[in-house]
Amino acid sequence: AIDWRTIITLSGLMMLTKGVELSGYFDVLGRKMVRRFATERKLALFMVFSAALLSTFLTNDVALFIVVPLTLTLRKLCEIPVTRLIIFEALAVNAGSLLTPIGNPQNILLWGRSGLSFTAFTGQMAPLALAIVASLLAVGWFAFPNKSLQYYSGTTGPQWQPRLVWSCLGLYIVFLIALELNQALAGALLVACGFLFLARRVLVNVDWTLLLVFMAMFIDVHLLIQLPVLQNVLHSVGGLSQPGLWLTAIGLSQVI
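Start counting the sequence shown at 1; every next residue gets the next number (UniProt numbering).
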C-alpha cells in the first residue's frame with residue numbers, strides 16, 4: 001500500500017533542507033536580500049518567485065519549511081506584510097512544484113509509475129507550471145505596493161556554518177543522481193551517513209512524524225479503494241473522457 005520510493009525521496013529531501021536550516025544560512029540570506037530590494041513589491045515578488053523555484057527541486061512542503069522561516073527573519077529586519085506574503089508563498093510552492101518529478105509527493109508517485117526520464121517529465125509539465133507561476137506573479141504585482149522598505153537597525157550579524165551549507169549542496173547533487181538511476185534508497189542512505197559524520201543534530205531535528213503522516217495517507221487510500229462501493233465507482237471512472245478524468249481528479253484532490 002505504501003509507495004516507498006515516494007517516502008524515501010521525501011526523507012532525503014527533508015534531511016537536506018534541515019541541514020541548510022540548521023547551518024544558519026537563512027539568516028545570512030535574509031540580511032543580504034533586504035539590502036538588495038528597495039521596495040516592498042520587489043522583495044515580495046522575489047520571495048514568491050524563490051518559493052516557486054525552490055519547490056521545483058525540494059518539493060512544495062519542504063520549500064515552505066525554507067521560505068516561511070526566511071520570511072519571518074525578514075520581518076525582524078524590515079516592515080513587510082508577513083501574512084499576505086506567506087499566503088502568496090504557499091500558492092507559489094504549489095504552482096512551481098508542478099514542474100519537476102520531485103516537486104511534490106504526487107509528482108514523485110507519478111514519475112515512478114510513468115517510466116519517463118527527469119527531463120521528459122519536466123518538459124511535459126513546463127507549459128502549465130510556467131503559466132500558473134506567471135499568473136501568480138502578475139497578481140502579486142498588484143497585491144504588494146511599490147513603497148520603500150523601512151529597515152530596523154541594531155540587530156547583530158548572524159552566525160552560520162559554510163561547511164554545512166556546501167556539504168548539503170554536494171549531498172543534494174549525489175541524491176539527485178541516485179534518484180535518476182532509480183537508487184532512491186542508496187541515495188537517502190548516503191545523505192543520512194553524510195549527516196551522521198558531519199552534523200548528527202540534523203538527523204535528530206528532522207520532522208520524521210511528517211513521513212508517518214504520508215505513510216498513513218497511503219494506507220488509508222489503499223484501504224478505502226478496497227471498499228465495494230468505491231470499487232464500483234472506480235470502474236465507472238475508467239470509462240470517463242479525458243476532461244471528465246481531469247475534473248474528477250480536481251474534485252478528489254480537495255478531499256484526499
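From the three backbone atoms N, C-alpha and C, an ideal C-beta is built for every residue, glycine too.
Range of the contiguous alpha helix (DSSP H) that encloses Arg152: Translated into positions along the sequence shown, residue 152 becomes position 152. Correcting the residue type first, residue 152 is Tyr in the shown sequence and not Arg. Unbroken run through Tyr152: none, as it is neither H nor E.
Within the stretch 31-104, ranges of the alpha helix (DSSP H) (whole runs, at least 4 residues): 40-58, 60-77, 82-96
Among Leu198, Ser253, Leu176, nearest to Gly19 - alpha-carbon criterion: Taking the sequence shown and counting its residues from 1, the one referred to as residue 19 is at position 19. When only C-alpha atoms are compared, the closest one is Leu198.
Secondary structure of Ser11, DSSP reduced to three states: Residue mapping note: residue 11 aligns to position 11 of the sequence shown, counting from 1. DSSP places Ser11 in helix when its eight states are reduced to three.
Inter-residue Cα distance where the pair is Leu43 and Leu240: Stepping through the sequence shown from its first residue, residue 43 is reached at position 43. Stepping through the sequence shown from its first residue, residue 240 is reached at position 240. Their backbone Cα atoms lie some 45 angstroms apart in a straight line.
Among Tyr25, Ile80, Leu212, Val213, the one whose alpha carbon lies nearest that of Pro145: What you label residue 145 is simply residue 145 of the sequence shown in a count that begins at 1. Pro145 has its Cα closest to that of Ile80, out of Tyr25, Ile80, Leu212, Val213.
As assigned by DSSP and simplified to three states, the class of Val229: Start at 1 with the first residue of the sequence shown, and residue 229 comes out as number 229. If DSSP states are grouped into helix, strand and coil, Val229 belongs with the helices.
Proximity of Leu128 and Ala90 at Cβ, strictly below 8 angstroms: For the purposes of this step, residue 128 is taken as the residue at position 128 of the sequence shown. For the purposes of this step, residue 90 is taken as the residue at position 90 of the sequence shown. The answer is no: Cβ separation not under 8 angstroms.
Expected contact under 8 angstroms - CB spacing of Gly12 and Phe175 to nearest Å: Numbered from 1 along the sequence shown, position 12 holds the residue referred to as residue 12. Numbered from 1 along the sequence shown, position 175 holds the residue referred to as residue 175. Distance from Gly12 to Phe175 at the Cβ level is roughly 5 angstroms; contact confirmed, criterion being Cβ atoms closer than 8 angstroms.
Closest residue to Lys76 among Trp141, Gly244, Gln150, Leu252 (Cα-Cα distance): Counting from 1 along the sequence shown, the entry for residue 76 is found at position 76. Of the listed residues, the one whose Cα sits closest to Lys76 is Gln150.
Start and end residues, alpha helix (DSSP H) containing Phe195: Walking along the sequence shown from the start, residue 195 turns up at place 195. Taken as a continuous stretch (DSSP letters only), the alpha helix (DSSP H) holding Phe195 covers 184-198.
Straight-line gap, Leu137 to Leu53 (C-alpha atoms, nearest Å): As a working note, residue 137 is residue 137 in the sequence shown. As a working note, residue 53 is residue 53 in the sequence shown. Leu53 has its alpha-carbon roughly 13 angstroms from the corresponding atom of Leu137.
For Ser135 and Gly96, the rounded distance between their alpha carbons: As a first step, residue 96 is located in the sequence shown; it is residue number 96 there, counting from the start. As a first step, residue 135 is located in the sequence shown; it is residue number 135 there, counting from the start. The alpha-carbon atoms of Gly96 and Ser135 are separated by roughly 12 angstroms.
Cα-Cα separation between Pro105 and Met15, rounded to whole angstroms: If you number the sequence shown from 1, residue 105 lands on position 105. If you number the sequence shown from 1, residue 15 lands on position 15. Taking the straight line from one Cα to the other gives about 16 angstroms.
Neighbour-count burial assignment, Ile108, 16 or more Cβ in a 10 Å radius: Mapped onto the sequence shown, residue 108 falls at position 108. It is buried - the Cβ of Ile108 has at least 16 other Cβ atoms within 10 Å.
Beta-carbon gap between Gly103 and Thr56 smaller than 8 angstroms: Here residue 103 is taken as the residue at index 103 of the sequence shown, counted from 1. Here residue 56 is taken as the residue at index 56 of the sequence shown, counted from 1. In contact: Gly103 and Thr56 (Cβ atoms closer than 8 angstroms).
Three-pair Cβ contact test at 8 angstroms for the stretch 17-37 versus the stretch 213-233: no
Member of Trp246, Thr71, Thr83 whose CA lies at the smallest distance from the CA of Phe46: Taking the sequence shown and counting its residues from 1, one reaches residue 46 at position 46. Closest option to Phe46, Cα to Cα, is Thr71.
Contacts around Val62, its chain only, beta-carbon distance under 7 angstroms, and the 5 residues preceding and following it disregarded: Along the sequence shown, read from residue 1 onward, the residue named residue 62 stands at position 62. Hits under 7 angstroms: Leu13, Met14, Thr17.
Spatial distance of Asp207 from Leu10 (CA atoms): On the sequence shown, residue 207 is found 207 positions in, with the first residue counted as 1. On the sequence shown, residue 10 is found 10 positions in, with the first residue counted as 1. C-alpha separation (whole angstroms): 11 angstroms.
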